[in-house]
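Protein sequences appear in the order of chains A and B.
Every letter in the first sequence is one number past the one before it in this note's numbering, and letter 264, counting from 1, is 260.
This note's numbering runs 6 ahead of the 1-based position in the second sequence.
Please read the structure below before turning to the comments.
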Amino acid sequence: MNSENNLYINGREITIESEKNLLEVIRKANIDLPTFCYHSELSVYGACRLCLVDVEGRGINSSCSMKPEPGMKIKTHTKELRDIRKINIELLLASHKRECTSCVKSDSCKLLEIASKLGVEDVRFKQTLMNKGIDSSSPALIRDMDKCILCGDCVRACDEIQGIGVLDFAHRGSGAVVVPSFGKPLGEVECVDCGQCARVCPTAAITPKSDTKEVWDVLDDPEKYVVIQVAPAVRVSLGELFGYKDGENVTGQMISALKHLGFKKVFDTSFGADLTVLEEANEFLGRIESGEQLPLITSCCPAWVKYAEQYQPEFLGNLSSCKSPQGMVGALIKNTLPEKVNVDKKNIVSVSIMPCTAKKFEITRNSAEFKDVDYVLTVQELGRMIKEAGLVFGELEPESFDMPFGFKTGAGIIFGNSGGVAEAVVRHLSSNLNGADATVSDVIELRGINGIKRKRITVKDRQFNIAVVSGLKNAKELLNKIQSGEESYDFIEVMACPSGCAGGAGQPVTHNSETVAKRGKGLYETDKMLQLHNAHENPLIKDVYESFLKSPGSKIAHDLLHTHYKSRKRFEGGISLIQSGEEKKKISVCVGTSCFVKGSQKLLNRVVRHISVEGLSDEFEVSATFCAENCDKGPTVVVEGEIINHCSFDDLKKKIDTFRSE
Amino acid sequence: MHKHDLGQAARKFAKVCEILEKYDYKSDKLVPILQAVQEEYRYLPEDVLAFIATTIDISPARIYGVATFYSHFALEPKGKYVVRVCDGTACHVKGSNPLLSEIRNRLNLPKGKTTTPDLLFTLETVSCLGACGIAPVVVVNEEVHPLMIPGKTTKMIDEIMEKERVCDEQFA
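Printed below as a string of structure tokens:
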């Protein structure tokens, strides 16, 4: 022990190692100072004032924002500190909607936990609520600002992990509140539904939206034949809700519980993941052949897909046209099961259990008569249903998945990890191209928690440049480098949540930073224990192709298993520049990000000048609009409902002239 | 009158573009950008803020946060005449409160409203104008009115109203 690097906590000596702040040193000394706003993966904020310590010579400071220095003498639980912490909690509770007995978060609420730990037995202040009401406009998340404690975790998660910044503080002092832009409901702004805000929220201010009532209703309906599929990352996290160790695989009990709840068939989304590997690899090799639309970018993650539609229109052509594994299994259920079980298609209800909140949005993308998936439940919701039914989870006799969509290889299992999709595709490609299976050492660099992973993989005489990204801010960074020509890739896997689906917002709430990594490990171990590791070895996938889908990329495979994307506006609105009138012809120039970059602002200024110089303001109205959802073909102008892409001033002038001559 | 309005919206937008150009579309210049834009519109229209967010590449939620944090910024249209009654310690002691209620009565401002329906007046308080020697102070737009007493404020408002009436008649 190098005593030069020591400090003193409550008189006991401890060595500073690589800790970034005093709080981490204190926690290393087995003193669990409470915090709301400290997350090791986010920036230090220092708002909750619970990690306060008394530093000799410097007074009371927040330990999260203080650098540990040798020789420091720190006290962590003096009377003064205990009193301050308690009063802080009391003040928070005074403006918190305290309905703990009927709150969805009560089994994992950090406010409740800390209040009880600190011995807050009485709130001496008058209850003051803003009565903001509940925002249920989003398909994925619920906001209840009367439960917000202003720790800012959600604000930083959205900004620092996803680079979006949907939420921010507005107003000040006692009126301060965390809201989307202009105080709008979440469903009307640029949110991609990833739910990372809900994952870090210590209270129930932001929670995944619950669809359990709807699912109970269909389960109770004797007409309905309700089937369910379970995503890979669910089996290694559900156990957390029933006292199992983090990352422990509880597949058997989970299937048994689902059967008890009344689901007729329990399928595995990993089957769809195996299928995705085949379809996506086929698509990839086709693009390599033609040299077009590379890099191929994965499309399994619905938050990423929505992000790309809103922010990366130039890359929409690069996205794999494959539906997500959830969508693929859903499509197969709806199109093959009715015949097999002799039930009318309209009575088949397809439900899925996902570690993800954005999957709730994904199923709304398709407006077809029969949706691939009718309801998405998160792991949290499934846990509540199992508890509500009174099932003693740990005592259930294990059961197995139903065939045919219950059989999977390890490739389909690791889809739940960042790097898993890329690894599964590499495994497939290497045995497809040279007959030898890829070894773990080839792909090990694609594993792990890094936000951006890069690897050049050689298969026979071909090289594939692969990148794996988690966190949309990282995705943006990588795509910028591709656009600037700095980097180039053949294949990119993107997942919105750090560590991939294992760290999804639909997973059980955890305040332990190790939990997500343990779930990831659980998936790799499950892969190891399976007999097959390569998607195309899955005999039931072979059957499905032989009996139904024909071959990867066939017409029927394309109709059922693939989808398309569109530019999507982030928010509504526009600025009227030349006043509108009923009789007037409407000209809207898009000034959204993509069109703005392509010079639409100058175009707008010229057309406004043209209209006023020519004295046409009685015939035409002009407005600046934010997005015409044609971002890849900008600048876009809409004249009387007609879209003009790549519009120049001359094009627009000509169009105006044709209207005048009419 | 109609034609006059047409040009104005376009002119204002051109001005916003000019302001953004002046500050080189830099997000760290957000506050001066907002100040300049507010000078143009007398408030910060939502759509203009969304446009600014797009062009300087920060999230609209952050702009909304900044715009609501500072009381100087208004998200609703302010009146042509912004009447600010100083309510700093000195002015308060010297009776700024009666002035405030007098103006409020004269303007017939409904409860909870700060701007008259005809968008002519906005009534605000400020914490201190740094002119304690001539307390109580009322500022109308940029014009400082020192040593105000009840009666004087009503007269001040009446004069503005009269001026506006004459103006309107000329236009009509």
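Note that beta-carbon positions come from the ideal geometry of N, C-alpha and C, so glycine has one too.
Since the structure is predicted, the reported quantities are computational estimates derived from the model, not experimental observations.
Bounding residues of the alpha helix (DSSP H) (the contiguous stretch that carries residue i)
i: B:Arg68; result: Pro66 to Phe75
i: A:Thr589; result: Thr589 to Val593
i: A:Tyr4; result: Run containing A:Tyr4: none in the alpha helix (DSSP H); it sits in the beta strand (DSSP E), Asn2 to Ile5.
i: A:Gln527; result: Counting along the chain, A:Gln527 falls outside any alpha helix (DSSP H), and DSSP gives it neither H nor E.
i: A:Leu612; result: Looking at the DSSP string, A:Leu612 is not in any alpha helix (DSSP H), and its letter there is neither H nor E.
i: A:Ser584; result: Careful: A:Ser584 lies outside any alpha helix (DSSP H), inside the beta strand (DSSP E) at Lys581 to Cys586.
i: A:Ile12; result: Here A:Ile12 belongs to no alpha helix (DSSP H), and DSSP marks it neither H nor E.
i: A:Arg656; result: Phe645 to Ser657
Closer than 8 angstroms to chain A by CB, residue i
i: B:Asp53; result: yes
i: B:Thr61; result: yes
i: B:His10; result: Only weak support is given to the placement of B:His10: the predicted model assigns it a pLDDT of 40, under 50, and the value that follows is read from those uncertain coordinates. B:His10 does not count as touching chain A.
i: B:Phe75; result: yes
i: B:Tyr2; result: No answer is possible for residue 2 of chain B: it lies beyond the span of chain B, which begins at 7 and ends at 178.
i: B:Arg171; result: no
i: B:Pro83; result: no
i: B:Leu50; result: no
i: B:Lys70; result: Per the sequence shown, the amino acid found at residue 70 of chain B is Tyr instead of Lys. At least one chain A Cβ lies under 8 angstroms of B:Tyr70.
i: B:Phe79; result: no
i: B:Ser65; result: yes
CB of residue i within 8 angstroms of CB of residue j, strictly
i: A:Cys99; j: A:Ala201; result: no
i: B:Ile25; j: B:Val43; result: yes
i: A:Pro135; j: A:Phe357; result: yes
i: A:Asp368; j: A:Gly326; result: yes
i: A:Ser590; j: A:Cys627; result: yes
i: A:Cys190; j: A:Asp149; result: no
i: A:Ser495; j: A:Gly481; result: no
i: A:Cys44; j: A:Ser59; result: no
i: A:Val151; j: A:Val174; result: yes
i: A:Leu648; j: A:Val633; result: yes
i: A:Glu305; j: A:Arg564; result: yes
i: A:Asp242; j: A:Thr621; result: no
i: B:Ala56; j: A:Gly569; result: yes
i: A:Leu88; j: A:Ile12; result: no
i: A:Ala418; j: A:Ile462; result: yes
i: A:Ser317; j: A:His532; result: no
Same chain, Cβ closer than 8 angstroms to residue i, neighbours up to 5 away in sequence not counted
i: A:Arg283; result: Gln289, Leu290 and Leu292
i: A:Gly239; result: Gly390
i: A:Lys546; result: Ile552 and Ala553
Sequence-distant residues of its chain with Cβ nearer than 6 angstroms to residue i (five each side left out)
i: B:Arg90; result: Glu130, Val132 and Val145
i: A:Tyr221; result: Lys260, Val339, Asn343 and Ile344
i: A:Ser320; result: Cys296
i: A:Tyr4; result: Lys69
i: A:Arg443; result: Gly415
i: A:Lys75; result: none
i: A:Ile110; result: Pro30
i: B:His10; result: Because B:His10 sits at a pLDDT of 40, beneath the cut-off of 50, its placement in the model cannot be relied upon, and the following sentence gives the value as read from the coordinates. Excluding residues within five positions, none has a Cβ falling inside 6 angstroms.
i: A:Ser543; result: none
Where the beta strand (DSSP E) containing residue i begins and where it ends
i: A:Gly55; result: Gly55 to Ser58
i: A:Phe165; result: Leu163 to Ala166
i: A:Thr199; result: Element bounds for A:Thr199: n/a, residue is neither H nor E.
i: A:Thr559; result: No beta strand (DSSP E) holds A:Thr559; DSSP gives it neither H nor E.
i: B:Val145; result: Val144 to Val146
i: A:Ser572; result: Gly570 to Ile574
Contact test: residue i Cβ vs the ligand ATP heavy atom, cutoff 7 angstroms
i: A:Lys341; result: Ligands are entirely absent from the displayed structure, and the ligand ATP is therefore not among its contents.
Neighbour flag for residue i against chain B, beta carbons, 8 angstroms
i: A:Pro176; result: yes
i: A:Leu77; result: no
i: A:Gln597; result: yes
i: A:Gly588; result: yes
Same chain only: Cβ atoms within 7 angstroms of residue i, ignoring 5 sequence neighbours per side
i: A:His529; result: Thr405, Gly406, Ala407, Arg423 and Asp523
i: A:Cys154; result: Ile160, Gly161, Val162, Leu163, Gln192 and Cys193
i: B:Phe75; result: none
i: B:Lys35; result: Tyr29
i: A:Ser346; result: Val223, Gly326, Ile329, Lys330, Asp368, Val369 and Asp370
i: B:Gly85; result: Thr121, Thr122, Leu125, Leu126, Phe127 and Thr128
i: B:Leu105; result: Val91, Pro142, Val144, Met154, Pro156 and Thr159
Enumerate, from N- to C-terminal direction, the unbroken alpha helix (DSSP H) stretches of 4 or more residues contained entirely within the segment 114 to 192 of chain A.
-> For the segment 114 to 192 of chain A, whole alpha helix (DSSP H) runs of length 4 or above, ordered along the chain, are 149 to 152.
If you scan the segment 22 to 67 of chain B from start to end, which runs of the alpha helix (DSSP H) of 4 or more residues do you find wholly inside it?
-> Residue ranges of uninterrupted alpha helix (DSSP H) with 4 or more members, entirely inside the segment 22 to 67 of chain B and ordered along the chain, are 36 to 47 and 52 to 62.
Which parts of the segment 431 to 482 of chain A are runs of the beta strand (DSSP E), unbroken and 3 residues or longer, counting only runs that do not cross its ends?
-> Assignment of beta strand (DSSP E) within the segment 431 to 482 of chain A, counting only whole runs of 3 or more residues, yields 448 to 455 and 458 to 466 in chain order.
Starting from the N-terminal side, write out each stretch of the alpha helix (DSSP H) that is 4 residues or longer and does not extend beyond the segment 341 to 367 of chain A.
-> Within the segment 341 to 367 of chain A, the alpha helix (DSSP H) runs of at least 4 residues that lie entirely inside it are, in chain order, 354 to 358.
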